[in-house]
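Since the structure comes first, as structure tokens, the remarks are kept for the end.
In the working numbering, the protein residues as written are 281 to 587.
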């Protein structure tokens, strides 16, 4: 009889602990949503944005599951890298200059258990007229010197005996220009982030990232090909020769470029590819007009499209 009573008491205690934990998580998520909504309503108040980020980090780190679900925050991207143990949570907030800055975390399982949450600090590379500085394509960075982006997709790939990641995102926009980024990332077991590894090959050049600018009112697709180590992207050209060198007038020209993972963990850039080879219906009837926005650069030689 006493054993039965002890068993019942133990079950009650476990039930109470479970209910208490669930209640605590529910309160946490409600507080997170309230802080996020407050930061959106008072977008100019960076202290509110930081308060949300701090609470989100605490919520993630106190969980034993690096995949712990988050409530829906409009404007926050929560992406789990395909084929890898990495989660990217990123978002943007407006600046007084009418540009955007970014915040975010890299989340992964910690060795020995628990969750590792690495905060990212934006370098605030303003979009401006959309021109891309060559140094941005080759500069390596860490969590404290992040280019800044809202990532919408990521994929793991072999990097020596370890794993690296290819990230695709939106790296800011203003009223006239939107900027896209494709970049590489490696995260050490200790949580040290290394952005911009030179694993993107364009001609004879090794780059750490590709950045593309186009008109803010047009869409441009950059997507992983399902089931393959390939990326298919719209090629960008100006709407007429009069706008060469003005990214605000650039948009898709119905032709495509691609990245494909090659030997040694290097992604090779190819221009003017057949989209049907990447399981995408062709939108074009003729080949690319190579002179528009390309100058005399040869296939495989990298140059931003508007130069």
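Note that the Cβ used here is the ideal one computed from N, Cα and C, for glycine as well.
Remember, predicted model here, so these are calculated numbers, not experimental data.
I need the boundaries of the beta strand (DSSP E) containing residue i, first residue and last residue.
i, result
"residue 536", "530-541"
"residue 360", "357-360"
"residue 370", "367-374"
"residue 497", "Note, residue 497: premise wrong, no beta strand (DSSP E); not H, not E."
"residue 549", "547-550"
"residue 378", "Segment: none, residue 378 is in no beta strand (DSSP E) and carries neither H nor E."
"residue 485", "485-487"
Could you tell me if residue i is buried or exposed, where buried requires 16 or more neighbouring beta carbons within 10 angstroms of its beta carbon?
i, result
"residue 454", "buried"
"residue 421", "buried"
"residue 515", "buried"
"residue 538", "buried"
"residue 468", "exposed"
"residue 321", "exposed"
"residue 447", "buried"
"residue 487", "buried"
"residue 521", "exposed"
"residue 334", "exposed"
"residue 506", "exposed"
"residue 336", "buried"
"residue 527", "buried"
"residue 477", "buried"
"residue 458", "buried"
"residue 543", "exposed"
"residue 328", "buried"
"residue 531", "buried"
"residue 415", "exposed"
"residue 314", "exposed"
"residue 352", "exposed"
Would you mind reading off the limits of the alpha helix (DSSP H) that contains residue i?
i, result
"residue 339", "326-341"
"residue 416", "414-418"
So residue i and residue j are supposed to be a Cβ contact under 8 Å. How far apart are they, rounded?
i, j, result
"residue 529", "residue 495", "6 Å"
"residue 479", "residue 546", "5 Å"
"residue 388", "residue 400", "Wrong, their Cβ atoms sit about 13 Å apart, outside the cutoff."
"residue 354", "residue 383", "Incorrect: roughly 15 Å between the Cβ atoms, too far for contact."
"residue 369", "residue 356", "7 Å"
"residue 510", "residue 472", "Rounded, the Cβ-Cβ distance is 29 Å, inconsistent with contact."
"residue 417", "residue 460", "Not really, about 13 Å apart at Cβ, beyond 8 Å."
"residue 363", "residue 436", "4 Å"
"residue 449", "residue 430", "5 Å"
"residue 340", "residue 385", "7 Å"
"residue 393", "residue 344", "7 Å"
"residue 316", "residue 332", "5 Å"
So the candidates are the options; which of them puts its Cα closest to the Cα of residue i?
i, options, result
"residue 408", "385, 415, 499, 377", "377"
"residue 466", "438, 487, 358", "438"
"residue 380", "366, 360, 404", "404"
"residue 398", "414, 366, 532", "366"
"residue 501", "508, 476, 513", "513"
"residue 484", "552, 423, 548", "548"
"residue 557", "508, 517, 414, 533", "508"
"residue 425", "311, 475, 490", "475"
"residue 444", "458, 464, 456, 328", "464"
"residue 342", "456, 498, 390", "390"
"residue 423", "312, 406, 470", "470"
"residue 498", "534, 310, 440", "534"
"residue 462", "442, 440, 441, 432", "432"
"residue 552", "359, 517, 456", "517"
"residue 456", "482, 406, 442, 350", "406"
Going by DSSP in three states, residue i sits in which element: helix, strand or coil?
i, result
"residue 455", "coil"
"residue 320", "helix"
"residue 309", "helix"
"residue 556", "helix"
"residue 506", "coil"
"residue 436", "strand"
"residue 478", "coil"
"residue 423", "coil"
"residue 462", "strand"
"residue 402", "strand"
"residue 442", "strand"
"residue 384", "strand"
"residue 527", "helix"
"residue 521", "helix"
"residue 473", "strand"
"residue 410", "coil"
"residue 393", "coil"
"residue 544", "helix"
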